[in-house]
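Asker: The opening position of the sequence shown corresponds to residue 7 in our numbering, with each subsequent residue numbered one higher. Each residue gets a CB set at the ideal place from its N, CA and C atoms; glycine is no exception.
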Amino acid sequence: MKKQLAKLALTATLALAITLTLNACEEKEKKQDSTTPEPAAATETQQPSQEAAAPPPTQEAATTTFTDPRNNKAYKTVKIGEQIWMAENLNFEAKSSKCYDDKPDNCKKYGRLYDWGSALSACPNGWHLPSADEWQTLVDFAGGYEVAGKALKAKSGWNENGNGIDEFGFSALPSGFGEPDGSFSNVGNISNWWSAVEVGSNDASGRGMYHSSEDASTVHSNKSDLFSVRCIKD
Numbered sequence: 007m008k009k010q011l012a013k014l015a016l017t018a019t020l021a022l023a024i025t026l027t028l029n030a031c032e033e034k035e036k037k038q039d040s041t042t043p044e045p046a047a048a049t050e051t052q053q054p055s056q057e058a059a060a061p062p063p064t065q066e067a068a069t070t071t072f073t074d075p076r077n078n079k080a081y082k083t084v085k086i087g088e089q090i091w092m093a094e095n096l097n098f099e100a101k102s103s104k105c106y107d108d109k110p111d112n113c114k115k116y117g118r119l120y121d122w123g124s125a126l127s128a129c130p131n132g133w134h135l136p137s138a139d140e141w142q143t144l145v146d147f148a149g150g151y152e153v154a155g156k157a158l159k160a161k162s163g164w165n166e167n168g169n170g171i172d173e174f175g176f177s178a179l180p181s182g183f184g185e186p187d188g189s190f191s192n193v194g195n196i197s198n199w200w201s202a203v204e205v206g207s208n209d210a211s212g213r214g215m216y217h218s219s220e221d222a223s224t225v226h227s228n229k230s231d232l233f234s235v236r237c238i239k240d
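1. Taking C-alpha atoms, which residue in Trp133, Asp139, Phe190 lies nearest to Ile6?
2. Which runs of the alpha helix (DSSP H) at least 4 residues long sit entirely within the stretch 129–153? Give them in chain order.
3. With Trp199 as the anchor, note down where its beta strand (DSSP E) starts and where it stops.
4. Quick one: what's Ser191 bridged to in DSSP?
5. Residue range of the beta strand (DSSP E) that Tyr81 falls in?
6. Name the DSSP beta bridge partners of Arg213, please?
7. Expressed to the nearest angstrom, what Euclidean distance is found between the alpha-carbon atoms of Thr224 and Leu135?
8. Trp122 lies in the alpha helix (DSSP H); which residues open and close that run?
9. Output the distance between the C-alpha atoms of Glu50 and Ser218, rounded to the nearest integer angstrom.
10. Using only the alpha-carbon positions, how far apart do Ala138 and Gly212 sit?
11. Is it buried or exposed, Arg118, if we count other Cβ atoms within 10 angstroms and call 16 or more buried?
12. Can you find a CB in chain D that lies within less than 8 Å of the CB of Ser230?
13. Reducing DSSP to helix, strand and coil, say where Lys114 ends up.
14. Per DSSP, what are the beta-bridge partners of Ile238 in this structure?
15. Find the nearest neighbour of Ser227 within the set Ala100, Asp209, Ser234, Tyr216, judged by alpha-carbon distance.
16. Quick one: Cα of Glu152 to Cα of Ser103, how far?
17. Do the stretch 229–236 and the stretch 85–96 touch if we need at least three Cβ pairs shorter than 8 Å?
18. Taking three-plus beta-carbon pairs below 8 Å as touching, is the stretch 96–113 in contact with the stretch 160–172?
19. For a test of the three-state rule: what should DSSP assign to Ala157, helix, strand or coil?
20. So for Asp74, helix, strand or coil by DSSP?
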């Protein structure tokens, strides 16, 4: 009987020891699990910020002068892209040309106004009335017809704050225009220049700029109307 009790006691002791050992292992595993760091949340990789691309450099107006030997009138000239333009309207007294309102001071400020026939031969030697394509080249260089007016108009002189920024030194002023009946209109508001291109038997084309918009539009008008002339170098 004593031997049996001793065996039972030993068995119980072993069972208790095993149980305690298993419990200790489980506690250790729980502690390990509780101290294991959670996996880091995925973060979106930030790309290094890129600086905005710098705008193309603005062309500095390379202004020079040309003196018309016919009347010793000096004109500013400017290179715009690959073209060389007079930087002011022509002021040479050709047949049929007039000053706005027949006032000489307007010729000094805006140049003379010409019908299309006189405009064709008004420029001095080495210069010519621009073709429609040459006007288009200028307008394209200045950003396209929808904004070229702003880039090419002078910084002052246009009514209702319609001035430009004169980005390339073209310095367009609002010279107005004349009618065959001798009337004049729209000085301060509009400038139209002839091109060398006919449109049918009665009309010719040119370019126009306006105080109320930023564009530089193609215009068609009767050859008898009086427009400004800008000469371009041959």
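Answerer: To lay it out plainly:
1. The structure shown does not extend to residue 6, since the chain is modelled only from 7 to 240, so the question has no answer here.
2. Segments of the alpha helix (DSSP H) lying fully in the stretch 129–153: 138–147.
3. 196–205
4. Phe183
5. 79–86
6. Trp199, Thr224
7. 15 Å
8. It spans 122–126 - the alpha helix (DSSP H) in which Trp122 sits, taken as one unbroken run.
9. At Glu50 the pLDDT is 36, less than 50, meaning the model places this residue with poor confidence and gives no usable figure here.
10. 7 Å
11. Buried.
12. The displayed structure is made up of one protein chain only, and chain D is not part of it.
13. Three-state DSSP puts Lys114 in a helix.
14. Beta-bridge pairing links Ile238 to Trp91, His134.
15. Asp209
16. One C-alpha to the other measures close to 30 Å.
17. yes
18. no
19. helix
20. strand
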